[in-house]
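In the numbering used here, the protein residues as written are 496 to 708.
Written as structure tokens, this is what we have:
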């Protein structure tokens, strides 16, 4: 008969997770494990970075399974942070820019999201949402991490190839057109409709009702 045993690594993992949940001011597990390269799953991190651009829903599904198995929404493997930092270094960014553009901005954005979600967006306690359910700060930082990589590909990588076009100063417009900025006026009602939808006004419902009346 083989009895289940707890390895020192599993016990340490359990202590890390429980400590992070019990004290939101503690350093998240994902930062405390940055020096443990042998325990990082770089294959999974590369898979997540790929599908963040191709099919973000699959990454969310993976996060949901992580919640079911480890009872935490936040990542505990810093491999994705290491890969993003390596990508930033690969395009020639200095350590100061990596700290400012990725880590520092991520801490600020995650703190704002974490504070806003816990103060304004939590649903009342019920059988499906216990009273102690709160948004983890580390999960808010994960949201920033997930959003940063597609932004990195656009601003830091694709823009390098478009610099000769972006920096051109001899754009030619039709000589017989004046006040061509008025062509952008249709964007105003679209922006107004977007703001109205954020305030709870269902634009599509009212437009369809007027169209098919």
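Even for Gly, the Cβ is constructed at its ideal location relative to N, Cα and C. Source: prediction; values computed, not measured.
Taking 8 Å as the cut-off, the Cβ atoms of residue 634 and residue 586 do not count as close. By the 16-neighbour rule on beta-carbons within 10 angstroms, residue 704 is exposed. When 547, 532, 578 are compared, the shortest CA-CA separation from residue 638 is found for 547. Between the stretch 574-582 and the stretch 533-552, the count of Cβ pairs shorter than 8 Å is three or higher; the stretches touch.
Residue burial annotation: residue 523 is buried, with at least 16 other C-beta atoms found within 10 angstroms of its C-beta.
The DSSP-derived three-state label of residue 631 is coil.
Secondary structure at residue 566: coil, using DSSP grouped into helix, strand and coil.
For residue 577, the enclosing alpha helix (DSSP H) covers residues 574-585.
In this structure, 641 is the residue among 641, 679, 607 with its C-alpha nearest to the C-alpha of residue 549. Residue 631 counts as buried, since at least 16 other C-beta atoms from the protein chains shown sit within 10 angstroms of its C-beta. When DSSP states are grouped into helix, strand and coil, residue 527 belongs to the helix group. Residue environment for residue 647: buried (at least 16 other C-beta atoms within 10 angstroms of its C-beta).
CA-CA distance, residue 568 to residue 559, rounds to 7 Å. A direct Cα-to-Cα measurement between residue 617 and residue 609 gives close to 11 Å. The Cβ-Cβ distance between residue 578 and residue 593 does not fall below 8 Å. For residue 659, the enclosing alpha helix (DSSP H) covers residues 654-661. DSSP places residue 687 in the uninterrupted alpha helix (DSSP H) bounded by 682-693. Excluding the 5 residues flanking it on each side, residue 612 has same chain C-beta neighbours closer than 6 Å at 630, in chain order.
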